Amino acid sequence: MASPYEIRVFGDPVLRNRASDVTDIDGKLAKLADDMLVTMYDEPGIGLAAPQVGVQKRFFVYDLGDDPQILINPVIEASEGEWWYEEGCLSVPGLYWDIKRPKLVHITGLDLDGNDISIEADELEARLFQHELDHLDGVLLIDHLDDDTRKSAMRTLRERFLGIEKAPEKKRKLRLPGKGGISLP
Ligand code: ZN
7 MASPYEIRVF
17 GDPVLRNRAS
27 DVTDIDGKLA
37 KLADDMLVTM
47 YDEPGIGLAA
57 PQVGVQKRFF
67 VYDLGDDPQI
77 LINPVIEASE
87 GEWWYEEGCL
97 SVPGLYWDIK
107 RPKLVHITGL
117 DLDGNDISIE
127 ADELEARLFQ
137 HELDHLDGVL
147 LIDHLDDDTR
157 KSAMRTLRER
167 FLGIEKAPEK
177 KRKLRLPGKG
187 GISLP
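Number 156 in this note's numbering belongs to position 150 of the sequence shown; there are no gaps in the numbering.
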């Protein structure tokens, strides 16, 4: 079974744009979220932001092992501490970097019923939220690297994603076996 969506990968300009607020929480959005969850579980990943399937709206889906969740128009209200973690991204498959981010975040947003959501998140959950929110702002992992690491990462990315972008058999062939770290969306 094919996923409902192809995940956009590095080099796709949609990943670099700022997404706009969701204005209508309706059946269409619910269907989109469902399809994104199927795509996310297929990978597998633990989160997926709308721009990663080409939709420039501010929401993401995730599942940290409890239940599928959605957060619409999320805002990080506060953050605290710092935590290093090896982070990957479904839009930059097969590559992982140690990245420092705040350890705790307080995030707010809406669910599919339009209810206010407020979550105090720590460690992996906090990391997931920050990573997904980055996608809504057009920010990718490489933007968090220091200059030297970013330069070498860019070389790898250009070879891996841009150089063979036009090859007819792209996509699946690009996928490397996962090695360590959880693939955050
Ligand atoms: Zn990602």
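We treat Cβ as the ideally placed atom computed from N, Cα and C, and that holds for glycine.
None of the values given here were measured: they were computed from a predicted structure.
Anticipated Cβ contact below 8 Å, residue i with residue j, distance rounded
{"i": "His150", "j": "Ile113", "result": "That belief does not hold up - the Cβ atoms of His150 and Ile113 are roughly 18 Å apart, past 8 Å."}
{"i": "Pro57", "j": "Leu21", "result": "6 Å"}
{"i": "Val111", "j": "Ala132", "result": "5 Å"}
{"i": "Leu134", "j": "Tyr68", "result": "6 Å"}
{"i": "Arg166", "j": "Gln136", "result": "With 8 Å as the limit, Arg166 and Gln136 do not qualify as a contact, their Cβ atoms being about 25 Å apart."}
Residue i in three-state terms, based on DSSP
{"i": "Ser158", "result": "helix"}
{"i": "Val192", "result": "Residue 192 falls outside the range modelled here, since the chain spans only 7 to 191, and no answer is possible."}
{"i": "Ala25", "result": "coil"}
{"i": "Lys63", "result": "strand"}
{"i": "Glu12", "result": "coil"}
{"i": "Glu49", "result": "coil"}
{"i": "Pro99", "result": "coil"}
{"i": "Leu54", "result": "strand"}
{"i": "Leu70", "result": "coil"}
{"i": "Asp122", "result": "strand"}
{"i": "Pro19", "result": "helix"}
{"i": "Lys109", "result": "coil"}
{"i": "Asp149", "result": "helix"}
{"i": "Glu93", "result": "strand"}
{"i": "Gly115", "result": "strand"}
{"i": "Leu138", "result": "Before going further, note that residue 138 is Glu rather than Leu in the sequence given. Here Glu138 sits in helix by DSSP."}
{"i": "Glu88", "result": "coil"}
{"i": "Asn79", "result": "strand"}
Inter-residue spacing [alpha-carbon to alpha-carbon] between residue i and residue j
{"i": "Asp40", "j": "Leu77", "result": "13 Å"}
{"i": "Met160", "j": "Gly33", "result": "39 Å"}
{"i": "Tyr11", "j": "Met46", "result": "9 Å"}
{"i": "Lys63", "j": "Gly115", "result": "13 Å"}
{"i": "Leu168", "j": "Thr162", "result": "10 Å"}
{"i": "Thr130", "j": "Ile52", "result": "The sequence shown places Leu at residue 130, not Thr. Cα to Cα, the separation comes out at about 10 Å."}
{"i": "Arg14", "j": "Arg164", "result": "15 Å"}
{"i": "Ile123", "j": "Leu147", "result": "26 Å"}
{"i": "Ala55", "j": "Arg24", "result": "12 Å"}
{"i": "Val59", "j": "Glu86", "result": "30 Å"}
{"i": "Asp48", "j": "Met42", "result": "10 Å"}
{"i": "Gly2", "j": "Pro99", "result": "The shown model of the chain, from 7 to 191, leaves out residue 2, and the question about it has no answer."}
{"i": "Lys109", "j": "Pro19", "result": "29 Å"}
{"i": "Ile31", "j": "Gly94", "result": "30 Å"}
{"i": "Tyr91", "j": "Leu70", "result": "16 Å"}
{"i": "Val44", "j": "Val28", "result": "21 Å"}
{"i": "Glu88", "j": "His141", "result": "20 Å"}
{"i": "Ser97", "j": "Phe66", "result": "14 Å"}
{"i": "Asp73", "j": "Trp103", "result": "27 Å"}
8 Å Cβ cutoff, residue i in contact with chain B
{"i": "Ile105", "result": "Judged by its chain identifiers, the structure shown contains no chain B, having just a single protein chain."}
(request) Taking 8 Å as the threshold, find out whether the segment 118-125 comes into contact with the segment 143-163 through three or more Cβ pairs. (result) no
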